[in-house]
Amino acid sequence: MKSQDVRKQFLDFFASKGHLIVPSAPIVLKDDPTLMFNNSGMAQFKEYFLGNGTPKSTRIADTQKCLRVSGKHNDLEDVGFDTYHHTMFEMLGNWSFGDYFKKEAITWAWELLTEVYKIPKENLYVSVFEGNPEENVPFDREAWDIWKGLIDEDRIILGNKKDNFWEMGDQGPCGPCSEIHVDIRSAEEKALVSGKSLVNNDHPQVVEIWNNVFMEFNRKADGSLEKLPAKHVDTGMGFERLCMALQGKTSNYDTDVFTPLIEKVEQITGLKYTLNEVLNNSEEQNKTNIAIRVVVDHVRAVAFAIADGQLPSNTGAGYVIRRILRRAIRYGFTFLNTKEPFINQLVAVLAKQMGEFFPEIKSQEQLVTNVIREEEASFLRTLDQGLQLLDKVIEEEKAFPSEGLGRISGTKAFELYDTFGFPIDLTALILKEKGLELDEAGFNTAMQAQKNRSRAASELSTEDWSVLIPGNVETFVGYDQSESDVKITRIRKIDSKKDGILYQIVLDNTPFYPEGGGQVGDKGTLVSANETIEIIDTKKENNLILHFTKQLPENINAGFVAKVNQDLRSLSSRNHSATHLMHQALRSILGTHVEQKGSLVNPNYLRFDFSHFAKMTETELQQVEDFVNARIQEQLQLVERRNIPFAQAVQEGAMALFGEKYGDEVRAIKFGESMELCGGIHVKNTAEIWHFKIVSEGAVAAGIRRIEAITSEAVKAHFASYENTLNEVKTALKNPQDILKAVHSMQEENAKLTKQIEALVKDKVKNLKASLIAEIQEINGVQFLAKQVDLNAEGAKDLAYELGNLGNNVFLVLATAEEEKPMLTCYVSKELVAEKNLNAGQVVRELGKFIQGGGGGQPFFATAGGKNVAGIQQALENAIEFVK
Ligand code: SER
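When the letters of the sequence shown are read in order and numbered with our numbering, they come out as residues 2 to 885.
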C-alpha cells in the first residue's frame, strides 16, 4: 500500500465514524510559550482539554506535522543511527473532546489496524497502564477489559508511568495511555525470542505504532495532578512506522516516504544506500547509510519549517532549524564527501512527493530551495574556515604544547565550536586523523558553563494560576474600545531571570491587544478606586490574553477600568495599516511572487520581510513609497469585516499567509484594493498615517528581503533631524547661498592643497636625506641611524626608503610626532634581515613600548603608533641595542 493511500484510509475511516477532518496545524507554534514546535497531534487542541475553549466538533481527526527536537520530547541526536526515529514525522490522530472514551477509541483502533489495514493480529501487542499509587492513579482496568474482548490476554502488557502515562510537557493535560506495538520480525526470529519480551525495549522491529491517551488530568506547576473538567481521547499513530509495517519493510527509510529522497542523494553523491535487510555492511557503508538517513530525515524538518514561515536564524525556533540543517550538512561533508550545497536539491523531490497533501511545500518550493542552498553555502564556508583555523591550532599546539604533547585543549575546541560554529565531532575526527587527542572533558566543562550561563539568563519559572472567577471565557473588546470595566479572573506569578518577578493577569474582558500578527502588545493601566496598575505588555498564550505587570494589585477582587495607552497604540496602528499598503505596493510593483515572510509593527517603525530574489532598485523603492503615499492621500476608509467564512474571504481576494493558523471564521481588513486576513489594530482612515517613508532595504536570507519604514510622527522627526543637520552644515560653511556649490568648491580646494602638501613633503624628504646621510653611523658593520624627523607618516616612509636604498646593510629607526601622535618607522635592509636576524616588526613592537603603543609589519619595514610623545627620545636611544 502506497503511503499516500495509508494516510487517506486513516482519514476516511475516522470520517466514517463521524469525525471532522482538519488540516495539519503549522509546525511552528506562535501562541504557546511552553512549546516551540508542534510535537504531537494534540498540541493544537491543548486548550480544549483544559476547558479554555470549544472545538469545532467533539470528534476530530487529522495528520499533523510534528517536530521532536526540543524540550521534553527530543529525538534529534538519535536520528540517523536507528531506522525508526525522525525529527519531523507525521502523526495520524483522532480526538474526542468530552465525547467518546476508551471503548470506542480502542475498538476503532483495532478495527482500523486489523480489518482495514489488515495487519495480522499475531503481530500486535498492546499495553495498559499499571497504575501509580503514589499519585493515586489506579490500574487501568477498563482498558484491560476492553482489550481482553479483542485480543489474546497474553498479548496485553502492563506498563509503568514512563511508558503508559502520557504528558505533553512539564505542565498540561495528561493521562494514562494504551499503546499498540507491532512485531515485524521474520518468522525465524519470532520463533527464537518472543515479541512480548521486546516491547518497549528499543527493538527496531518491535515498535510502538499507535498511542491512545485517555486524558483525564492536568499536571500543575507544583507537580500535582488535578482532574480535568471532562474526559477526552487523544490518539497518535506514527505514519512512517505504520507505512513500514504495511509495506513489509523493516526500516522507515525503506518505505516510499523516504526512498525517492534517498535515490536523489545516491544520484548526487554517486554513493549507494543499502536496504536494512542487508547485513554485514562494511564500516564505511554503515557510515554512508547513517549520513544518508540524517540528510533525508533532516531535509523534511527544515523544508516544512521554512514553508511554515520559520527561517533559519540565530535565536529561538530559527536556531533549532539552523542546527538541524547544519547537522545534515556536516554528515554530508564528513561522510558523503559533499563539499558543495546539495541538500536543497531534495526539496523538489519532497514537493513532488508530498505537495498534493501539503500544498505549502509545493507552492513555496523555489523559496525553500533558495533558503536551504544559501544556508548550506554559508555553513560550508564556515567549515572551510574552521578547518584552516583548526590547522593553525594544531600547528601552534605542536610548536608550543600547552596541554602536553598530542593533545588539544578543550577550551580551544570550544572556541572553534562557539565562535565559528565548527562542530566538535568534526574537530575530534580531524584530530584523530592527525594522531592528536581532544581534551573532551575540558570541552564538556566549557560547554556546560556556557549552557548554565544561557539557562540562567532565560529561565522562567511559572507558578500555577490562582483562579478568581472560574469558567470565564475572556472576551476581547479592543477593536471597538480602548477602555473597559473589567474584573481579574486569574493571576499568576512568574519569575523570569531576565525581568525579575512579574505577574500575569487575565481579565473577564479586555481592550488590550495581545502581541500578534507582528504588532506588539498594548501597554496601559488598570485603574481601581484605590490604585493604578501599570500594564507593561500584553501577550497571548493559547486562548488566554495575559496582561504583564510588575505590581501585584492590592485588591485583586476590585473592579478596574482597563485603559489602553492610546498614543502608543495609535502609532502602532498607523505602522500596521501602512504595512498592508506596502504589501500591496510590493505585489503590484515587483510581482505577485512577493509574500509576507515576517513582520514587526511597533510605535516607532515597521519591519517587513518578504520573498523577492533581487535587491530593490532606487526606482522601485521610490515607486513603493509613492504608491503607499498615494493611498494615504486618497483617504481610504477602513472596511473591517469580522467573522466572515475563511473560504469567502479568500475568494474575495484576501491574502492568507503560510504558517498562520486561521479559524473557519476570519477577520478581513480592507483599504481600497488592499485586503488581508488580519487580527491587528488599524487606523480608521489611511489619512491618519500622514506619510510613509522607507528607511532601509536589505537581505535577510536567500530570496528574502527586508524593508524598514516609518510613518506619521516618526517621519516628522526623521525630516526634522535632516533639516537640523543641514542647518548645522550651513552655519559651519558660513551660510552660503548654495550649500552644494560651497561643498564642491571646498572639495576642489582640498584636492589642490593635498597635492601641494605632497610636493612640499617630497622636497623636504630630499633635503632631509642630504643632511641625514652625514649622521649615519657605522656600528658592527651596520649603517645605523635613529632620529626624530619633522614629517608626516607618508614622508617618514619615503625618507626611510630613500635612505635605505643607499646600501645593503642599513638599519633605521625614524620617529615622527605629527599632531602630537608619536610614531616609529623602522627599515632593515633585506640582507640584514637574513644575516643578522634583525626584524623590523619585532623592533617596532619592542621600541613601541616607550611610546605606549604597538604595531607591526614586515621583517624589513614596520611601523608603530603610540600615545606618549615624551617616550620618543627613549625609544630612539634604545634602538642602538639592536645593532650592538
Ligand atoms: N499525545 C500522544 C502522543 O503524542 C498521542 O497523540 O503520543
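We treat Cβ as the ideally placed atom computed from N, Cα and C, and that holds for glycine. The structure presented is a predicted model; accordingly, all values stated were derived computationally and were not measured.
Please return the same chain residues whose Cβ sits closer than 6 Å to the Cβ of residue i, not counting the five positions on each side in sequence.
i	result
residue 604	569, 572 and 573
residue 347	262, 265 and 300
residue 656	677
residue 124	183 and 184
residue 133	162
residue 370	345 and 348
residue 663	647
residue 671	640
residue 637	672, 673 and 687
residue 323	313
Here's a check: name, in chain order, each residue in its chain whose Cβ is nearer than 8 Å to the Cβ of residue i, leaving out the five neighbours to either side.
i	result
residue 465	221, 222, 223 and 493
residue 430	335
residue 445	411
residue 441	411 and 429
residue 7	118, 240, 243, 244 and 247
residue 700	616, 706 and 707
residue 591	613, 617 and 621
residue 152	111, 122, 125 and 127
With DSSP collapsed to three states, give me the class of residue i.
i	result
residue 309	coil
residue 448	helix
residue 618	coil
residue 336	helix
residue 788	strand
residue 647	helix
residue 749	helix
residue 43	helix
residue 466	coil
residue 56	coil
residue 272	coil
residue 261	helix
residue 20	coil
residue 290	helix
residue 4	helix
residue 600	strand
residue 607	strand
residue 831	helix
residue 10	helix
residue 30	coil
residue 187	coil
Return the chain-ordered list of same chain residues with a C-beta closer than 7 Å to the C-beta of residue i, the five sequence neighbours on each side being excluded.
i	result
residue 765	792 and 796
residue 375	702 and 703
residue 871	none
residue 528	561, 562 and 564
residue 833	783, 810, 812 and 839
residue 524	536, 537, 538, 566 and 569
State yes or no: is the beta carbon of residue i nearer than 8 Å to at least one beta carbon in chain B?
i	result
residue 237	No chain B appears in the structure shown, which is made up of a single protein chain.
Any idea if residue i is buried or exposed, counting beta-carbon neighbours within 10 angstroms, 16 or more meaning buried?
i	result
residue 43	buried
residue 856	buried
residue 643	exposed
residue 576	buried
residue 274	buried
residue 142	exposed
residue 281	exposed
residue 206	buried
residue 271	exposed
### Query
Is there contact between the region 689 to 704 and the region 625 to 632, where contact requires at least three CB pairs shorter than 8 Å?
Verdict: yes, contact present.
### Query
Of all the alpha helix (DSSP H) runs that stay within the bounds of the region 341 to 418, which reach a length of 4 or more residues?
347 to 355, 360 to 364 and 366 to 400
### the region 582 to 595 / the region 535 to 552 touching (three or more Cβ pairs under 8 Å)
no
### Task
Counting only runs of 3+ residues fully inside the region 538 to 576, write out the beta strand (DSSP E) ranges in chain order.
538 to 542, 545 to 550 and 561 to 565
### Task
Kindly confirm or deny that the region 846 to 856 and the region 866 to 882 touch, where touching means at least three C-beta pairs closer than 8 Å.
yes
### Query
Would you call the region 532 to 546 and the region 47 to 56 touching, i.e. three or more CB-CB distances under 8 Å?
yes
### Ranges of the alpha helix (DSSP H) found wholly within the region 225 to 259, counting only runs of at least 4
240 to 247
### In chain order, each beta strand (DSSP E) run of at least 3 residues that lies wholly inside the region 76 to 146
Taking 3 residues as the shortest admissible run, the region 76 to 146 contains the following complete beta strand (DSSP E) segments, listed from N- to C-terminal end: 89 to 98 and 125 to 130.
### Query
Quick check: the region 465 to 475 against the region 513 to 531, are there 3 or more CB pairs under 8 Å?
no
### Message
Contact between the region 729 to 738 and the region 706 to 716 is defined here as three or more beta-carbon pairs at a separation below 8 Å; is this criterion met?
### Response
no
### Segments assigned alpha helix (DSSP H), at least 4 residues, entirely inside the region 498 to 534
Complete alpha helix (DSSP H) runs here, min 4: none at all.
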